[in-house]
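Asks: A single structure is presented below for examination.
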């Protein structure tokens, strides 16, 4: 037991003597939260619109005015030439083009169906979908007014009115959605990289040789090595939660105690993977590459940036072994929905089993290799 | 004290150790002498329980290096060839850490390491990485001694250390020997062999000879001459053509020329001068340990 304390003491001495460590521990969380929370957003503030109104009639101007009045659209260009606006779109100066043909008003008055055209820059498919939805809702609204005006529909028609309410994130604030996930990212990266690299460093500089001729037991060494990083990652999670609550004003609906409890298990899992990587690698460079390989795959599949449900089946299968996916889902449920123990028991059980597996596998391999 | 029997170890196709058997007595200062790649480090790693031999056995302090490694590790001190302490920790922190994991304290064994440690004590707040080569050796030796080991393994302790520090280091070993610690040391430097009680010459994983340094030298059976002249390189080549020549190589300012039978020095000198080389000087030499080693190596090659 005392041996473990000696190792922990030594680790903390080395960690705090490393001039890069304090910035890593304090600055990385702040930057990740600041940059990722603000930058990683799918919200579209406004659409740069180009307008071609070949009709120049009352009706066509009414439609254009509706677009102008919408907070989502910024009219960037007007022209009578589709070629000219196509060029503008090519240069990314406009994102969407509204094309009103010359016979728009006439056809409407003759009660013929009319066609207008919407051209959308769809390089970013997700954004194009959102832009299209915005534009269509304006056109639909315009259409409804026309119908009422032309009295083809009785004025007192009982139309269906949709009222949308957004639960758990009423303002549709993207930060609210992102920050629980970014906190997970934070502790995963800190835990995985620090532990993986640290043990490989002992191999690389040869100190492991001197340690191996001492009576240190392997499990003493592993516990002594991993404990400091467990504390650092826990500290960072706590620090991140404080930032989220008081700087970003993210509502934390669920129990902080539950978050800390599950995080403490989750970190055992992450440190286990770190230790496992350190048994595969001989140099810090190798360890870095292996760790990145896992982290990139796990993060992209985790549902941090895109919903897991939209991924192909095989990708969803991979997520069964993706620890980050479990913890992100857990964090969102607890922080935003206020999920209680029973609601997330599946996540907790999965993380616990995974933690036991990863630390045992890593310990077994460590004993075999070193 | 240490009993090595028929030890074999190979890495893939490379035979690192071949049938090594040595007995080392208690309180002895024993040296393994051999060039780089001879297998010294492999042997030390087996004796310190870091490597498992392919076959054969080794017992250190009557403990088997494979089966009793746990107990053995509490009683041996090992100083690897490469500096293996924490460079980012201070002298004092390194010592306290190693004392701690051996369940002892610096104070408890201060007397044992004092002669070595007091030389670096003024720098105890300095990081190990900032020490000079010689001071690093002293710190490493202090750390290896901190738990009062019964036997000390030093793998090439003086490689890369300046001449003065090397001399000091050997003096420290002699004083540790007086305290009853068995010391096993390896070195590629032949001149250090004479400072050991007994030595084993090792080459390509095989033992060539084990004995007191003087006995090995005394067994040298050839006639040895030291020759110098103005064009040493041409001279070496010429001597190698000599019918009586066993070996001829440059050693310091003389060429060591070993011959099968006794040679008439004046005759040899005349022959050399006739070939156009001047300022020729020939003396009769006593073999040193390096001559013996070269001779044993040549015999092993055949």
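Chains as they are written, first to last, in my numbering: chain A, 4 to 373; chain B, 958 to 1259.
Glycine included, every Cβ here is placed at the ideal spot set by N, Cα and C.
Because the structure is a prediction, the values reported are computed rather than measured.
Please identify, using Cβ separations under 8 angstroms, the residues of the stretch 1055-1072 of chain B that lie next to chain A, in order along the chain.
Replies: Taking 8 angstroms as the Cβ-Cβ cut-off against chain A, the residues of the stretch 1055-1072 of chain B that qualify are 1055, 1057, 1058, 1059 and 1060.
Asks: So who's on the other strand from residue 1084 of chain B, going by DSSP bridges?
Replies: Residue 1084 of chain B pairs with B/1047.
Asks: Closest by CA to residue 361 of chain A, which one among A/345, A/237, A/147 and A/268?
Replies: The residue with the shortest Cα to Cα distance from residue 361 of chain A is A/268.
Asks: Please list, in chain order, the chain D residues whose beta carbon lies closer than 9 angstroms to that of residue 1033 of chain B.
Replies: Going by chain labels, chain D is absent from the structure shown, which instead holds the protein chains A and B.
Asks: What whole-angstrom Cβ distance do residue 218 of chain A and residue 1059 of chain B have, given they're in contact under 8 angstroms?
Replies: Confirmed, Cβ separation roughly 7 angstroms.
Asks: Residue 1115 of chain B touches chain A at which residues, Cβ-Cβ below 9 angstroms?
Replies: Within 9 angstroms Cβ-Cβ: nothing; residue 1115 of chain B doesn't reach chain A, min ~18 angstroms.
Asks: Let me know if residue 331 of chain A comes out buried or exposed under the rule of 16 or more other beta-carbons within 10 Å of its beta-carbon.
Replies: By the 10 Å Cβ count, residue 331 of chain A comes out buried.
Asks: Counting along the chain, where does the beta strand (DSSP E) carrying residue 1140 of chain B start and finish?
Replies: Here the beta strand (DSSP E) through residue 1140 of chain B covers 1139-1144.
Asks: From what residue to what residue does the alpha helix (DSSP H) around residue 223 of chain A run?
Replies: Residues 221-249.
Asks: Is the CB-CB distance between residue 320 of chain A and residue 1030 of chain B below 8 angstroms?
Replies: Result no, Cβ atoms of residue 320 of chain A and residue 1030 of chain B do not sit closer than 8 angstroms.
Asks: My guess is that residue 1139 of chain B and residue 1251 of chain B are in contact by the Cβ rule of under 8 angstroms, so how many angstroms apart are they, rounded?
Replies: About 29 angstroms; that fails the 8 angstroms criterion.
Asks: Just to make sure I have the definition right: I need the residues of chain B whose C-beta is within less than 7 angstroms of the C-beta of residue 209 of chain A. Which are they?
Replies: Result: 1037, 1039 and 1041.
Asks: Once DSSP output is grouped into helix, strand and coil, what is the label at residue 959 of chain B?
Replies: Residue state, collapsed to three classes: strand.
Asks: Here's a check: name, in chain order, each residue in its chain whose Cβ is nearer than 8 angstroms to the Cβ of residue 1018 of chain B, leaving out the five neighbours to either side.
Replies: 958, 959, 1029, 1032, 1033, 1107 and 1108, listed in sequence order.
Asks: Answer with buried or exposed for residue 1131 of chain B, where buried requires no fewer than 16 other C-beta atoms within 10 angstroms of its C-beta.
Replies: Counting Cβ neighbours within 10 Å, residue 1131 of chain B comes out exposed, since fewer than 16 surround it.
Asks: Buried or exposed for residue 203 of chain A, please, with buried defined as at least 16 other CB atoms from any protein chain shown within 10 angstroms of its CB.
Replies: Per the 10 Å Cβ criterion, buried.
Asks: Listing by chain order, which chain A residues have their CB less than 7 angstroms from the CB of residue 932 of chain B?
Replies: There is no way to answer for residue 932 of chain B, as the model of chain B reaches only from 958 to 1259.
Asks: What's the gap between the Cα of residue 246 of chain A and the Cα of residue 122 of chain A?
Replies: In a straight line, the C-alpha of residue 246 of chain A is about 42 angstroms away from that of residue 122 of chain A.
Asks: Report the option in B/1173, B/1160, B/1068 and B/1101 whose CA atom is closest to the CA atom of residue 1141 of chain B.
Replies: Nearest of B/1173, B/1160, B/1068 and B/1101 to residue 1141 of chain B, Cα basis: B/1101.
Asks: Strictly under 8 angstroms for the Cβ-Cβ distance: is residue 369 of chain A near chain B by that measure?
Replies: Not an interface residue.
Asks: Could you tell me the alpha carbon to alpha carbon distance between residue 1242 of chain B and residue 1221 of chain B, rounded to whole angstroms?
Replies: For residue 1242 of chain B and residue 1221 of chain B, the distance between alpha carbons rounds to 14 angstroms.
Asks: State the CB to CB distance for the pair residue 369 of chain A and residue 178 of chain A, rounded to an integer number of angstroms; the pair is presumed to be in contact (CB under 8 angstroms).
Replies: Not really, about 40 angstroms apart at Cβ, beyond 8 angstroms.
Asks: Assuming residue 231 of chain A and residue 11 of chain A are in contact, meaning their beta carbons sit under 8 angstroms apart, how far apart are those beta carbons, in whole angstroms?
Replies: Sure, about 6 angstroms apart at Cβ, within 8 angstroms.
Asks: What residues of chain A sit near residue 1105 of chain B, judged by a beta carbon separation below 9 angstroms?
Replies: In chain order: nothing, as chain A lies at least about 14 angstroms away.
Asks: What does residue 1045 of chain B reach in chain A if we use C-beta pairs closer than 8 angstroms?
Replies: The answer, in chain order, is 17, 20 and 21.
Asks: Measuring CB to CB, does residue 194 of chain A end up less than 8 angstroms from residue 274 of chain A?
Replies: Against a cut-off of 8 angstroms, the Cβ pair of residue 274 of chain A and residue 194 of chain A comes out as a contact.
Asks: Within the 8 angstroms Cβ cut-off, does residue 1081 of chain B reach chain A?
Replies: False, the Cβ-Cβ gap to chain A never drops below 8 angstroms.
Asks: Given this structure, state the Cα-to-Cα distance separating residue 1195 of chain B from residue 1185 of chain B, to the nearest angstrom.
Replies: In a straight line, the C-alpha of residue 1195 of chain B is about 13 angstroms away from that of residue 1185 of chain B.
Asks: Could you name the residues of chain A that residue 1027 of chain B contacts, counting a contact when the two beta carbons are closer than 8 angstroms?
Replies: 218, listed in chain order.
Asks: If the cut is a Cβ gap below 7 angstroms, which residues of chain A does residue 1050 of chain B touch?
Replies: Residues of chain A passing the Cβ test: 16.
Asks: So which residues of chain B does residue 213 of chain A contact, with C-beta pairs closer than 7 angstroms?
Replies: Within chain B, the residues near residue 213 of chain A are 1037, 1041 and 1042.
Asks: Taking only beta carbons into account, state which residues of the stretch 190-207 of chain A come closer than 7 angstroms to chain B, listed in chain order.
Replies: Those would be none; no residue qualifies.
Asks: Would you kindly work out how many angstroms separate the C-alpha atoms of residue 1128 of chain B and residue 1072 of chain B, rounded to a whole number?
Replies: So the two alpha carbons sit approximately 11 angstroms from each other.
Asks: If you draw a straight line from the alpha carbon of residue 1170 of chain B to that of residue 965 of chain B, how long is it in whole angstroms?
Replies: Each residue's Cα considered, the two are about 25 angstroms apart.
Asks: As a quick exercise: from B/1005, B/1219, B/1111 and B/1231, pick the residue whose alpha carbon is nearest that of residue 1201 of chain B.
Replies: For the residues B/1005, B/1219, B/1111 and B/1231, the minimum Cα distance to residue 1201 of chain B belongs to B/1219.
Asks: Between the beta-carbon of residue 978 of chain B and the beta-carbon of residue 962 of chain B, is there less than 8 angstroms?
Replies: Yes, Cβ-Cβ distance for residue 978 of chain B and residue 962 of chain B is below 8 angstroms.
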